[in-house]
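Read the structure below first, then the notes.
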Amino acid sequence: MKKLTLSAGEIAEIVGGELHGSPDRIITSVAGVVDATPEQLSFVGQKRYEKQLETTKAKVLLVCRDLMNAPCDERTLIVCDNVDLAFSQILARFAEEPPEWKIGVHPSAVVDPSAKLGEGVSINANAVIEAGAEIGDGTVSGAGCYIGHDVKSGRKCLIYPNVTIMYRCVVGSLVVIHPGVVIGGDGFGFIPSAKGLVKVPQTGIVRIGDDVEIGANTTIDRARFGETLVKSNVKIDDQVMIAHNVEIGESSILVAQCGIAGSARIGRGVVLAAKSGVNGHITLGDGVKVAGTSGVVKSVPAGQIAMGTPAETQREYMSRYMLPSKFEKLSAKVAALTKELEELKAAAGK
Amino acid sequence: MKKLTLSAGEIAEIVGGELHGSPDRIITSVAGVVDATPEQLSFVGQKRYEKQLETTKAKVLLVCRDLMNAPCDERTLIVCDNVDLAFSQILARFAEEPPEWKIGVHPSAVVDPSAKLGEGVSINANAVIEAGAEIGDGTVSGAGCYIGHDVKSGRKCLIYPNVTIMYRCVVGSLVVIHPGVVIGGDGFGFIPSAKGLVKVPQTGIVRIGDDVEIGANTTIDRARFGETLVKSNVKIDDQVMIAHNVEIGESSILVAQCGIAGSARIGRGVVLAAKSGVNGHITLGDGVKVAGTSGVVKSVPAGQIAMGTPAETQREYMSRYMLPSKFEKLSAKVAALTKELEELKAAAGK
Amino acid sequence: MKKLTLSAGEIAEIVGGELHGSPDRIITSVAGVVDATPEQLSFVGQKRYEKQLETTKAKVLLVCRDLMNAPCDERTLIVCDNVDLAFSQILARFAEEPPEWKIGVHPSAVVDPSAKLGEGVSINANAVIEAGAEIGDGTVSGAGCYIGHDVKSGRKCLIYPNVTIMYRCVVGSLVVIHPGVVIGGDGFGFIPSAKGLVKVPQTGIVRIGDDVEIGANTTIDRARFGETLVKSNVKIDDQVMIAHNVEIGESSILVAQCGIAGSARIGRGVVLAAKSGVNGHITLGDGVKVAGTSGVVKSVPAGQIAMGTPAETQREYMSRYMLPSKFEKLSAKVAALTKELEELKAAAGK
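Protein chains in written order, with my numbering: chain A, 70 to 419; chain B, 70 to 419; chain C, 70 to 419.
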């Protein structure tokens, strides 16, 4: 981290927070609440972590509004509406900059003469840019990355090392693509025949909107025809699999190791939690949330939560989840009934 | 897509289909049934999607035999036995060709003098071919790919950019390997000891048959000894994990993100749906189908369907799945019994 | 395999095993018990595989102590305390050596002048070493791998081809990193705002201890701040996902396709079986075992086994698993009760 000191008062001003306690306490870096030393800014963002306020060694903390009445004699609390955002602001002050990517074409890069390079691009060592590719102004092509024939990328993208973008795919502006990502591998389609499985040609492309982020080793397959479409502001974690002809709406979040089968349509603002899966040819409405590891097999209306495999509504899922305890109660009831019946039979002298 | 016009009559002839409605309607490209415009050929391949025939804007459609009696005044229907195959045939006519891979060795590629290159190979920019490797006639080694020591590849393979094939592994002919695939990483084996976990040497190889396709970022580990074996015509999707000493029979299909643990034996024509897993040291008979996300923990006889985790037969799985509703019915029955018993006791004057 | 012959007597001596049967039988290679020919050494490591002793063609076998009384007329048995370890010892004798990685810097590699290379390093074709990186003595950087700015690696690491290690990350000594691994991609953090999802800067690093192994295409993300930490002797399989700020204790085992969400703390000697997942911000105590495909959503005390999704104790899990059969029994009981009640009512003349 950078060498820097900030007082609690300065921090409150930077983040627009409400100061509870001394403004003079000084911090020299930042840390999580468990590890923080007295010289480190930390945070407690949710009421349910309140206890951590008692045990932390941190002397200056960002806290959520629910914790505004916590004691502030021994430590200074800065109450914020959005603790995450506030902490990120201070973190950014301490963070060392990422490396600078040198502008220009590294002599070891292989750039086809027909490729069009925008202004201020950085084409790094051993990158390969094929014929007809277009790289927008200010875009970085990391070391060893492969930009296929006629690929188009927008402005100010960060294409990290060892990324592969296959022919004709289109990437918007301000897109961040982490190492090992593959865009435009063939969709998976085979038809049984007398000669075994025969490949269905995958003739379409992948189109990525603006301001998208794609995590390490994620794969997005080209369409059978037309486009596999990832709209703007979508955020994709590592090792996510997006099959051919999938469409993903704006600002959706795909967490690590989730997968979406062919031709599924995912709405805006959808969250697919880690390791979840979505069947092909179904639709998830805007704002749908899918719990981690769930397998969604039929379409889900906008705004709903889907849980379990096959995924159900939260109510159905909980009902299924509670079965063992409900079963125990019913068993006890049946045992009681049996006993009563025995007694009744005995009383009837039978 | 290529510029091209086809009449319904011409299409029926190409695919060998039965024309219902005017042969003169003209299409200029192809699309899915939801997105198609009146100038685009589309298709409805299953009876259960019949409703789409009413709402689509397409005027020329390939349909399955079950839909042969659908109205054909406003649109021309071409009835086919295999709609998928027929559509692929027309799609292929409109599809732009993939890029051509230039024959020869790119000057930036690093090819060991002892490597043997077949006729008509295409070794692309920054590819690395190690000592003793053999590349068959007409095979493409994409940019940045790594072909290890003594690796052998057959004829007419497409090894896409940034693929890694480690030493001594063997690849058949007509194999397609998508970007980011790793063949021949070490199998995962460690033995607990006083000094911690100690590596078990992984001394075998991976052998891939003919006409296999391997999706982006899939990994296939080398055997502890002997071979990890993927037989001919197997089709593997993206991000599949095949552990050491696994054997996969001909024409099996491994869908995205599935995984197979060490020494499992998978028969011919098996389908592992997305995200499914197979335990080590078990056998899946020919034609077994494993449902998506299922975890198979014991061997499955030929022809069976395995569902759930731990995977069961379809009947067992459905019985488990229906438990909540069956439980509700039993609860109601117990409540009724309880009431009757109370009445009986009351009547008995107890 | 190497050409070599060993007698049963020699093998018993090498592994320190107890010879049952003739010491003169000769083997010329090794194989699994199902495939072994009479000239191949094989093994049966667990009592439950005893039947394989009757059907195998192998004439010399390593067996566990539980099988010491098996018949040894037709085959020689060598009884060992640790069959796996013993077999590995013999296997190592037959195994061909992996390729030698040439010491020095390949002319096609791109090494920044400010990078510090230790003695005896092997920097292979098209590898890229950025400014400020330090490569320890005897470490191999495979073809096409990317070692980012200010990355530090210890001694005698094997960094295989096409690995990516991003800026400032730190790798210990004797670490093996398989192809396609990405260390130091950004952690996944975004905050909703009026302008859509806004990135949380990921300013920390990844730190890998000594003697760690990392399987093909695994991804380990850099911390939001501070470190994502993989301690010494941890063994990681292929396609594992480790999110930002996770900490993994010594000698833990992470099997293929498992994933750990942000800030989770994994103890020493933990086993995460294949495809399991661990929620963010929870703690798994030392020695915890998580069953394959399980999803752990809350902290697990040291030594426990967690199974299912959401993960429970083994007892809870089994209770849930047995529900269908328990339900059938309860149903039968209720049916019997109903019948008795009917009879009672009839007898009461009601």
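Think of the CB as a built atom: it goes at the ideal place given N, C-alpha and C, for glycine as much as any other residue.
Item to check | Separation of Val180 of chain B from Val220 of chain B, as counted between CA atoms | outcome: Taking the second sequence and counting its residues from 1, the one referred to as residue 220 of chain B is at position 151. Taking the second sequence and counting its residues from 1, the one referred to as residue 180 of chain B is at position 111. Each residue's Cα considered, the two are about 13 angstroms apart.
Checklist entry - DSSP state of Pro140 of chain B, grouped into three classes? => result Against the second sequence, residue 140 of chain B aligns to sequence position 71. Here Pro140 of chain B sits in coil by DSSP.
Checklist entry - Do the CB positions of His247 of chain C and Gly284 of chain C come within less than 8 angstroms of each other? => result Taking the first residue of the third sequence as position 1, residue 247 of chain C is located at position 178. Taking the first residue of the third sequence as position 1, residue 284 of chain C is located at position 215. In this structure, Gly284 of chain C lies closer than 8 angstroms to His247 of chain C by Cβ.
Checklist entry - So Gly278 of chain A and Val299 of chain A are in contact, right, with Cβ under 8 angstroms, and what is the actual spacing, rounded? => result As a position in the first sequence, residue 278 of chain A is number 209, starting the count at 1. As a position in the first sequence, residue 299 of chain A is number 230, starting the count at 1. Between Val299 of chain A and Gly278 of chain A the Cβ distance is about 6 angstroms, and since that is below 8 angstroms, they are a contact.
Checklist entry - On the three-state DSSP scale, how would you describe Val403 of chain B? => result Within the second sequence, numbered from 1, the residue matching residue 403 of chain B stands at position 334. It is helical.
Next on the checklist: Within a Cβ cutoff of 6 angstroms, which residues of the same chain sit near Cys238 of chain C, ignoring the five residues on either side of it in sequence?
Outcome noted: In the third sequence, residue 238 of chain C corresponds to position 169, counting from 1. Once the five neighbours on either side are set aside, the close Cβ partners of Cys238 of chain C are Val220, Ile252, Gly253, Ile274 and Val275.
Checklist entry - Taking the runs of the beta strand (DSSP E) that are 3 residues or longer, which of them lie wholly in the stretch 217 to 271 of chain A? => result 251 to 254, 259 to 262 and 265 to 268
Next on the checklist: Contact criterion: CB-CB distance below 8 angstroms. Does Asp307 of chain A meet it with respect to chain B?
Outcome noted: Position 238 of the first sequence, counted from the first residue, corresponds to residue 307 of chain A. Asp307 of chain A does not count as touching chain B.
Next on the checklist: With a threshold of 8 angstroms between beta carbons, is Gln383 of chain C in contact with chain B?
Outcome noted: As a first step, residue 383 of chain C is located in the third sequence; it is residue number 314 there, counting from the start. So no, Gln383 of chain C is outside the interface.
Checklist entry - When you compare only the Cα positions, how much space is there between Leu130 of chain A and Pro92 of chain A? => result One-based indexing of the first sequence puts residue 130 of chain A at position 61. One-based indexing of the first sequence puts residue 92 of chain A at position 23. About 12 angstroms.
Item to check | Anticipated Cβ contact below 8 angstroms, Arg205 of chain B with Arg224 of chain B, distance rounded | outcome: Within the second sequence, numbered from 1, the residue matching residue 205 of chain B stands at position 136. Within the second sequence, numbered from 1, the residue matching residue 224 of chain B stands at position 155. It should be noted that the sequence gives Gly, not Arg, for residue 205 of chain B. Confirmed, about 4 angstroms.
Next on the checklist: Using C-beta distances below 8 angstroms, list every residue in its chain close to Asn231 of chain A, excluding the 5 sequence neighbours before and after it, in chain order.
Outcome noted: Counting from one through the first sequence, the residue named residue 231 of chain A turns up at place 162. Excluding residues within five positions, the ones whose Cβ falls inside 8 angstroms are Gly211, Ala212, Gly213, Cys214, Pro248 and Gly249.
Checklist entry - Given that Phe396 of chain B touches chain A, what residues does it touch there, using C-beta distances under 8 angstroms? => result As a working note, residue 396 of chain B is residue 327 in the second sequence. Result: Leu392, Lys395, Phe396 and Leu399.
Item to check | Residue burial classification, Asp104 of chain B (beta-carbon count within 10 angstroms, cutoff 16) | outcome: Counting from one through the second sequence, the residue named residue 104 of chain B turns up at place 35. Asp104 of chain B should be labelled exposed.
Checklist entry - Mind pulling the chain B residues with CB within less than 9 angstroms of Gly249 of chain C? => result The residue given as residue 249 of chain C occupies position 180 in the third sequence. Neighbours of Gly249 of chain C on chain B, chain order: Asn231, Thr233, Gly249, Val250, Val251, Gly254, Asn286 and Thr288.
Checklist entry - How many Å lie between Leu323 of chain C and Glu282 of chain B at the Cα? => result Numbered from its first residue, the third sequence carries residue 323 of chain C at position 254. Numbered from its first residue, the second sequence carries residue 282 of chain B at position 213. Roughly 28 angstroms between the two C-alpha positions.
Checklist entry - Hey, Val365 of chain C and Ile374 of chain C are a contact pair by Cβ (cut 8 angstroms); roughly how many whole angstroms apart? => result One-based indexing of the third sequence puts residue 365 of chain C at position 296. One-based indexing of the third sequence puts residue 374 of chain C at position 305. With a Cβ gap of about 11 angstroms, Val365 of chain C and Ile374 of chain C do not count as contacting.
Item to check | Partner residues on chain C for Tyr118 of chain B, Cβ-Cβ distance less than 7 angstroms | outcome: In the second sequence, the residue the question calls residue 118 of chain B occupies position 49. Those within 7 angstroms of Tyr118 of chain B in chain C number zero; the least Cβ separation is about 32 angstroms.
Checklist entry - Between Thr287 of chain A and Asp307 of chain A, is the Cβ-Cβ spacing less than 8 angstroms? => result Working through the first sequence from its first residue, we reach residue 287 of chain A at position 218. Working through the first sequence from its first residue, we reach residue 307 of chain A at position 238. Taking 8 angstroms as the Cβ cut-off, Thr287 of chain A and Asp307 of chain A qualify as a contacting pair.
Item to check | Amino acids of chain C, ordered along the chain, whose beta-carbon sits closer than 7 angstroms to that of Asn195 of chain A | outcome: Here the question's residue 195 of chain A lines up with position 126 in the first sequence. What Asn195 of chain A touches in chain C: Val179, Asn195 and Val197.
Item to check | Run of the alpha helix (DSSP H) containing Arg384 of chain B, from where it starts to where it stops | outcome: Residue mapping note: residue 384 of chain B aligns to position 315 of the second sequence, counting from 1. That run of the alpha helix (DSSP H) goes Gln383 to Tyr390.
Checklist entry - Mind pulling the alpha helix (DSSP H) runs of 4 or more residues that sit fully within the stretch 103 to 159 of chain B? => result 121 to 124
Item to check | Rounded C-alpha distance that separates Gly328 of chain B from Leu406 of chain A | outcome: Mapped onto the second sequence, residue 328 of chain B falls at position 259. Mapped onto the first sequence, residue 406 of chain A falls at position 337. Each residue's alpha carbon lies about 49 angstroms from the other.
Next on the checklist: If I measure Cβ to Cβ from Arg134 of chain C and keep anything under 7 angstroms in the same chain, skipping five residues before and after, which residues do I get?
Outcome noted: Translated into the one-based positions of the third sequence, residue 134 of chain C becomes position 65. Val148 and Asp150, listed in sequence order.
Checklist entry - Helix, strand or coil for Arg94 of chain C per DSSP? => result Counting from one through the third sequence, the residue named residue 94 of chain C turns up at place 25. Of the three classes helix, strand and coil, the one that applies to Arg94 of chain C here is coil, per DSSP.
Item to check | Residues bridged to Lys300 of chain A (per DSSP) | outcome: Translated into the one-based positions of the first sequence, residue 300 of chain A becomes position 231. Looking at the DSSP assignment, Lys300 of chain A forms no beta bridge with any residue, so it has no partner.
Checklist entry - Are there three or more Cβ pairs, one per stretch, closer than 8 angstroms when the stretch 111 to 128 of chain B is compared with the stretch 185 to 200 of chain B? => result no
Next on the checklist: Check this for me: beta carbons of Val113 of chain C and Leu399 of chain B, under 8 angstroms apart or not?
Outcome noted: Position 44 of the third sequence, counted from the start, is the residue given in the question as residue 113 of chain C. Position 330 of the second sequence, counted from the start, is the residue given in the question as residue 399 of chain B. Not a contact, by the Cβ cut-off of 8 angstroms.
Checklist entry - Alpha carbon to alpha carbon, how far is Tyr236 of chain B from Ala263 of chain C? => result Position 167 of the second sequence holds residue 236 of chain B. Position 194 of the third sequence holds residue 263 of chain C. In a straight line, the C-alpha of Tyr236 of chain B is about 52 angstroms away from that of Ala263 of chain C.
Item to check | Cutoff 8 angstroms: Ala405 of chain A Cβ touching any chain C Cβ | outcome: Locating residue 405 of chain A in the first sequence gives position 336, counting from the first residue. Ala405 of chain A does not count as touching chain C.
Checklist entry - What is the DSSP secondary structure of Ile277 of chain C, counted as helix, strand or coil? => result Here residue 277 of chain C is taken as the residue at index 208 of the third sequence, counted from 1. Note: Ile277 of chain C maps to strand in three-state DSSP.
Checklist entry - What in chain B is Cβ-close to Asn302 of chain C, meaning under 7 angstroms? => result The residue you call residue 302 of chain C lines up with position 233 of the third sequence. Per Cβ cutoff of 7 angstroms: Gly265 and Leu266.
Item to check | Asn348 of chain B burial status per 10 Å Cβ neighbour count (16 or more: buried) | outcome: Taking the second sequence and counting its residues from 1, the one referred to as residue 348 of chain B is at position 279. By the 10 Å Cβ count, Asn348 of chain B comes out buried.
Checklist entry - For Val84 of chain B, which three-state DSSP category applies? => result Residue numbering aside, residue 84 of chain B sits at position 15 when the second sequence is read from its first letter. DSSP places Val84 of chain B in helix when its eight states are reduced to three.
Checklist entry - Over what stretch of residues does the beta strand (DSSP E) that includes Thr208 of chain B continue unbroken? => result Along the second sequence, read from residue 1 onward, the residue named residue 208 of chain B stands at position 139. Run containing Thr208 of chain B: none; DSSP gives neither H nor E here.
Checklist entry - For Lys71 of chain C, does the count of other Cβ atoms within 10 angstroms reach 16, so buried, or fall short, so exposed? => result One-based indexing of the third sequence puts residue 71 of chain C at position 2. By the 10 Å Cβ count, Lys71 of chain C comes out exposed.
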